[in-house]
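Peer 1: This is the structure, below, for whatever I ask next.
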């Protein structure tokens with residue numbers, strides 16, 4: 005089955021540690037995205053990538069970093085500079101060749117930092 | 229900046245009735261608008277897309293309307309079922325499909 009895999013489902017870290025969230029897709033989609041979801045708020049865009057080896061900051065990129073070395077993979081690193089890292093993180097992809105394409109989401113990683 | 233407003237209060241309806249969810253946006257009209265369903269602890273799943281030049285779109289028991297004058301989209305679920313209970317997200321898209329903004333969602337509970 006084609007889809008997006010995020011791992012792990014739950015992640016616990018101590019404050020001050022960097023942590024990397026995995027996102028892999030086998031949909032052959034060009035574009036990939038990272039969103040953050042907090043209770044009572046809409047999804048907020050952290051970073052997105054329209055093509056391999058290129059990525060752009062979203063609305064809340066501070067304290068995060070990404071890489072796009074392969075079409076299938078778009079890992080997100082939450083650094084110690086991110087002030088409120090505890091959240092639900094969602095990765096998505098889109099077939100950038102089709103106009104008005106929907107986003108395909110993974111099932112998220114819930115990160116808790118204490 | 230663009231704001232997307234969805235009913236923050238949960239919507240409770242009886243099985244068999246029609247659920248109507250509202251999405252209002254400010255400022256610019258999106259090129260198209262998507263609706264997603266999200267279950268607890270899961271990622272959103274795409275349901276329907278409507279373009280700015282379309283008034284209405286249907287898929288099985290789902291119907292979406294788009295009124296650019298009112299800056300509003302309505303999402304209807306007819307003959308609702310308990311399995312329809314979920315959070316529904318409105319997501320307008322503005323530039324080339326690469327920038328989609330999400331509302332906070334409306335939680336729907338359908339009682340048997």
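Protein chains in written order, with the working numbering: chain H, 5 to 118; chain Z, 229 to 340.
Just so it is clear, CB atoms sit at the ideal spot from N, CA and C, and this is done for glycine as well.
A quick note: this is a predicted structure, and the numbers were derived from the prediction, not measured.
(1) Quick check on this structure: which residue in 339/Z, 337/Z and 328/Z has the alpha carbon closest to the alpha carbon of residue 261/Z?
(2) Using Cβ-Cβ distances below 8 angstroms, what residues of the segment 268-286 of chain Z are close to chain H?
(3) Does residue 219/Z have its Cβ less than 8 angstroms from a Cβ in chain H?
(4) Please decide whether residue 315/Z counts as near chain H, where near means a Cβ-Cβ distance under 8 angstroms.
(5) Drop a sphere of 10 angstroms on the beta-carbon of residue 50/H, count the other beta-carbons inside from all chains shown, and report buried for 16 or more, exposed for fewer.
(6) If you compare alpha carbons, which of 246/Z, 294/Z and 243/Z is closest to residue 280/Z?
(7) Please list the partners that residue 106/H has in chain Z, where partner means a Cβ-to-Cβ separation under 7 angstroms.
(8) What is the rounded straight-line gap between the Cα of residue 92/H and the Cα of residue 283/Z?
(9) For residue 304/Z, report the span of its beta strand (DSSP E) as first-last.
(10) Applying a beta-carbon distance threshold of less than 8 angstroms, which residues of chain Z neighbour residue 44/H?
(11) Taking 7 angstroms as the line, does the beta carbon of residue 310/Z fall inside it for any heavy atom of the ligand PLP?
(12) On the DSSP bridge assignment, give the partners of residue 237/Z in chain order.
(13) Between residue 250/Z and chain H, is any beta-carbon pair separated by less than 8 angstroms?
(14) Within 10 angstroms of its Cβ, does residue 307/Z collect 16 or more other Cβ (buried), or is it exposed?
(15) Would you mind reading off the limits of the beta strand (DSSP E) that contains residue 284/Z?
Peer 2: Straight from the coordinates:
(1) 328/Z
(2) So the list reads 269, 270, 271, 272, 273, 274, 277 and 279, given in the order they occur along the chain.
(3) An answer regarding residue 219/Z cannot be provided, because it is not within the stretch 229 to 340 covered by chain Z.
(4) At least 8 angstroms separates the CB of residue 315/Z from every CB of chain H.
(5) buried
(6) For the residues 246/Z, 294/Z and 243/Z, the minimum Cα distance to residue 280/Z belongs to 294/Z.
(7) 262, 274 and 277
(8) 34 angstroms
(9) 300-305
(10) 236 and 332
(11) No copy of the ligand PLP appears in this structure; indeed no ligand is present at all.
(12) None, per the DSSP bridge assignment.
(13) No, no contact with chain H.
(14) exposed
(15) 284-287
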